[in-house]
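Asker:
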Amino acid sequence: MHALTPVIVLFILFFLNIPIGFALMGSALFYFIFLNNTMAMNMVIQQFVTSVESFPYLAVPFFIMVGSVMNYSGISEQLMNMAEVLAGHMKGGLAQVNCLLSAMMGGISGSANADAAMESKILVPEMIKKGFSPEFSAAVTAASSAVSPVIPPGTNLILYALIANVPVGDMFLAGYTPGILMTGAMMLAVYLISSKRGYAPSRSKMASPREIGNQALKSIWALAIPFGIILGMRIGMFTPTEAGGVAVFFCFIVGFFVYKKLKLKHIPIILKETVQSTGSVMIIIASAKVFGYYMTLERIPQMITQGLMNFTDNKFVLLMVINLLLLFVGMFIEGGAALVILAPLLVPAVRALGVDPLHFGVIFIVNIMIGGLTPPFGSMMFTVCSIVNVKLEDFIKEIWPFIVSLLVVLLLVTYSEGLALFIPNLFR
Numbered sequence: 015m016h017a018l019t020p021v022i023v024l025f026i027l028f029f030l031n032i033p034i035g036f037a038l039m040g041s042a043l044f045y046f047i048f049l050n051n052t053m054a055m056n057m058v059i060q061q062f063v064t065s066v067e068s069f070p071y072l073a074v075p076f077f078i079m080v081g082s083v084m085n086y087s088g089i090s091e092q093l094m095n096m097a098e099v100l101a102g103h104m105k106g107g108l109a110q111v112n113c114l115l116s117a118m119m120g121g122i123s124g125s126a127n128a129d130a131a132m133e134s135k136i137l138v139p140e141m142i143k144k145g146f147s148p149e150f151s152a153a154v155t156a157a158s159s160a161v162s163p164v165i166p167p168g169t170n171l172i173l174y175a176l177i178a179n180v181p182v183g184d185m186f187l188a189g190y191t192p193g194i195l196m197t198g199a200m201m202l203a204v205y206l207i208s209s210k211r212g213y214a215p216s217r218s219k220m221a222s223p224r225e226i227g228n229q230a231l232k233s234i235w236a237l238a239i240p241f242g243i244i245l246g247m248r249i250g251m252f253t254p255t256e257a258g259g260v261a262v263f264f265c266f267i268v269g270f271f272v273y274k275k276l277k278l279k280h281i282p283i284i285l286k287e288t289v290q291s292t293g294s295v296m297i298i299i300a301s302a303k304v305f306g307y308y309m310t311l312e313r314i315p316q317m318i319t320q321g322l323m324n325f326t327d328n329k330f331v332l333l334m335v336i337n338l339l340l341l342f343v344g345m346f347i348e349g350g351a352a353l354v355i356l357a358p359l360l361v362p363a364v365r366a367l368g369v370d371p372l373h374f375g376v377i378f379i380v381n382i383m384i385g386g387l388t389p390p391f392g393s394m395m396f397t398v399c400s401i402v403n404v405k406l407e408d409f410i411k412e413i414w415p416f417i418v419s420l421l422v423v424l425l426l427v428t429y430s431e432g433l434a435l436f437i438p439n440l441f442r
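Position in the sequence shown (from 1) plus 14 gives the number in my numbering.
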């Protein structure tokens with residue numbers, strides 16, 4: 015019980031609505047000040063600093079900046095036009111566009127909350143004008159945003175790869191299959207709901223091949239980014255960190271000289287957004303690393319591994335138990351924070367039972383994204399409801415079909431390793 019006191023403190027701080035980074039920091043300091051003061055406090059503070067002094071972590075601000083640059087360069091607008099050309103003729107029209115756009119934006123924004131906020135401001139007003147209810151529009155937007163961090167180069171993919179010690183390039187490749195499945199499942203849910211409610215398409219007929227080709231040429235600059243990043247890493251042109259820098263440079267070139275919508279006045283805004291987003295992520299990482307140091311000293315990862323091994327030696331049962339645990343935790347803790355806290359604890363346990371850490375990474379990330387949609391503390395739920403001005407209880411009534419569809423995808427990727435790792439296996 016003595017060893018678990020900081021965990022109890024952590025959850026108390028969560029329920030007091032303390033930001034996740036500061037809650038982790040406070041519970042870690044509680045341990046080193048009151049329970050184990052054998053380490054000098056200046057050494058503890060040094061742990062906070064050195065935990066993020068890692069070259070691979072530079073990929074995080076670079077890819078965050080890519081998303082910010084894209085929002086001001088006009089490429090987000092071209093992607094929306096591409097999604098509308100491909101899916102606007104289907105039942106549910108703009109709701110289908112919403113789902114497809116999130117999949118396209120996944121390789122660019124890499125952030126569920128950023129994608130949810132962008133689509134809430136751009137697409138939701140148009141959906142409401144077309145006759146969709148605000149509650150349904152908000153639910154579609156939040157649900158579709160869960161795809162963004164699953165499709166490369168989402169920052170959660172990078173963080174998991176660094177924590178689990180798997181190649182970032184392989185983790186990127188592994189993200190495509192679940193991302194495509196999630197998009198397809200949500201588009202099917204939209205189709206069924208729209209058929210029942212009579213939500214009309216946004217286009218009178220399917221776009222012609224020529225129209226699709228013309229729009230694809232306009233959108234090719236954005237669509238090529240994730241594929242260029244992965245190709246460059248696979249053939250050894252650059253590391254994941256260098257890939258982030260190359261992507262930022264490419265985005266600036268496209269914004270200034272191709273679409274010509276990026277202006278010098280946008281640079282301070284982009285830098286500010288990048289610093290703010292990076293700061294919040296890095297505070298969580300640094301605090302989680304020190305919290306993880308406490309858990310290592312108390313041998314908590316070994317205790318959890320041993321406990322899970324004693325509970326079952328069947329990896330399928332273990333994965334089901336972990337899924338239930340992650341779904342529960344995801345209701346209370348933001349996805350990125352859950353990743354940096356729980357991945358170091360759970361990866362050794364699944365490795366011991368022969369689960370591929372790359373496969374487990376897919377399961378983990380899909381799981382925590384579903385958590386972002388669920389009450390009481392789902393981050394995408396709050397982001398969308400606050401922007402669209404929808405009551406939480408109305409949102410919850412509309413989100414359940416999408417949560418069910420995503421849970422089906424979660425079960426598929428959990429129990430079909432061949433499906434989950436289909437694309438990485440092609441390159442092995």
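We treat Cβ as the ideally placed atom computed from N, Cα and C, and that holds for glycine.
All of these numbers come straight from a predicted model, not from anything done at the bench.
How many Å lie between A160 and G386 at the Cα?
Answerer: Distance between the alpha carbons of A160 and G386 is about 8 Å.
Asker: Specify, as a first and last residue, the run of the alpha helix (DSSP H) that L27 falls within.
Answerer: T19 to F29 is the extent of the alpha helix (DSSP H) around L27.
Asker: Who are the Cβ neighbours of F270 in its own chain at under 7 Å, not counting the five residues just before and after it?
Answerer: Contacts found: L276.
Asker: State buried or exposed for E133, treating a residue as buried only when at least 16 other CB atoms are found within 10 Å of its CB.
Answerer: Buried.
Asker: What would DSSP say about I347, mapped onto helix, strand or coil?
Answerer: Correct three-state label for I347: coil.
Asker: With DSSP run on the structure shown, which of helix, strand or coil describes A230?
Answerer: The answer is helix: DSSP assigns A230 an H, G or I state.
Asker: Can you tell me which of T19, A101, A42 and T197 puts its alpha carbon nearest to the alpha carbon of V380?
Answerer: Looking at the Cα atoms, T197 is the closest of the given residues.
Asker: Buried or exposed: which applies to P139, given that a residue is buried once 16 or more other Cβ atoms fall within 10 Å of its Cβ?
Answerer: Under this definition P139 is an exposed residue.
Asker: If you draw a straight line from the C-alpha of S68 to the C-alpha of F150, how long is it?
Answerer: Those two C-alpha atoms are separated by around 43 Å.
Asker: CB F441 to CB G259, shorter than 8 Å?
Answerer: No, the Cβ-Cβ distance between F441 and G259 is not below 8 Å.
Asker: Rounded to whole angstroms, what's the CA-CA distance from I249 to W414? Just pull it up for me.
Answerer: Taking the straight line from one Cα to the other gives about 42 Å.
Asker: In angstroms, rounded to a whole number, what distance separates the CA positions of D184 and P166?
Answerer: Approximately 10 Å between the Cα atoms of the pair.
Asker: Since I417 contacts P389 with CB under 8 Å, what's their CB separation in whole angstroms?
Answerer: 11 Å between Cβ atoms; not a contact.
Asker: Return the Cβ separation of V423 and A199 in integer angstroms, given the expectation that the two are a contact with Cβ distance under 8 Å.
Answerer: Yes, V423 and A199 are in contact; Cβ-Cβ is about 5 Å, under 8 Å.
Asker: How is L387 classed by DSSP in three states: helix, strand or coil?
Answerer: Three-state result, L387: coil.
Asker: What does the alpha-carbon distance come out to for the pair L285 and N179?
Answerer: Answer to the nearest angstrom: the Cα atoms are 30 Å apart.
Asker: So for Y86, helix, strand or coil by DSSP?
Answerer: It is helical.
Asker: Go through its chain and collect everything with a Cβ distance to I401's Cβ below 7 Å, but skip five positions before and after it.
Answerer: Excluding residues within five positions, the ones whose Cβ falls inside 7 Å are A131, S134 and K135.
Asker: Decide yes or no for the touch test of the region 295 to 306 against the region 347 to 362: beta carbon pairs closer than 8 Å, at least 3 of them.
Answerer: Yes, they touch.
Asker: My parser needs the alpha helix (DSSP H) runs of 4 or more residues fully inside the region 89 to 117; what are they?
Answerer: For the region 89 to 117, whole alpha helix (DSSP H) runs of length 4 or above, ordered along the chain, are 89 to 101.
Asker: Assuming K303 is part of the alpha helix (DSSP H), what are its boundary residues?
Answerer: Residues H280 to L311.
Asker: Decide yes or no for the touch test of the region 88 to 108 against the region 199 to 211: beta carbon pairs closer than 8 Å, at least 3 of them.
Answerer: Touching, per the Cβ criterion.
Asker: A117 and G193: beta carbons closer than 8 Å?
Answerer: Yes. Within cutoff.
Asker: May I ask you to report which of helix, strand or coil DSSP gives I249?
Answerer: DSSP places I249 in coil when its eight states are reduced to three.
Asker: Nearest by alpha-carbon distance to K303: which of F396, M57 and P358 is it?
Answerer: The candidate whose alpha carbon is nearest that of K303 is P358.
Asker: Our contact map puts L372 next to I336 with C-beta atoms below 8 Å; I'd like the distance itself, whole angstroms only.
Answerer: No, L372 and I336 are not in contact; Cβ-Cβ is about 15 Å, not under 8 Å.
Asker: How long is the line joining the alpha carbons of N403 and F146, rounded to whole angstroms?
Answerer: N403 and F146: Cα-Cα distance of roughly 15 Å.
Asker: If you draw a straight line from the C-alpha of Y71 to the C-alpha of V182, how long is it?
Answerer: Looking at the two C-alpha atoms, the distance is approximately 12 Å.
Asker: Check whether the region 53 to 60 touches the region 32 to 41, counting contact only when three or more Cβ pairs, one atom from each stretch, lie closer than 8 Å.
Answerer: Contact between the region 53 to 60 and the region 32 to 41 is absent, because fewer than three Cβ pairs lie under 8 Å.
Asker: Determine the DSSP secondary structure at N337, reduced to helix, strand or coil.
Answerer: Three-state DSSP puts N337 in a helix.
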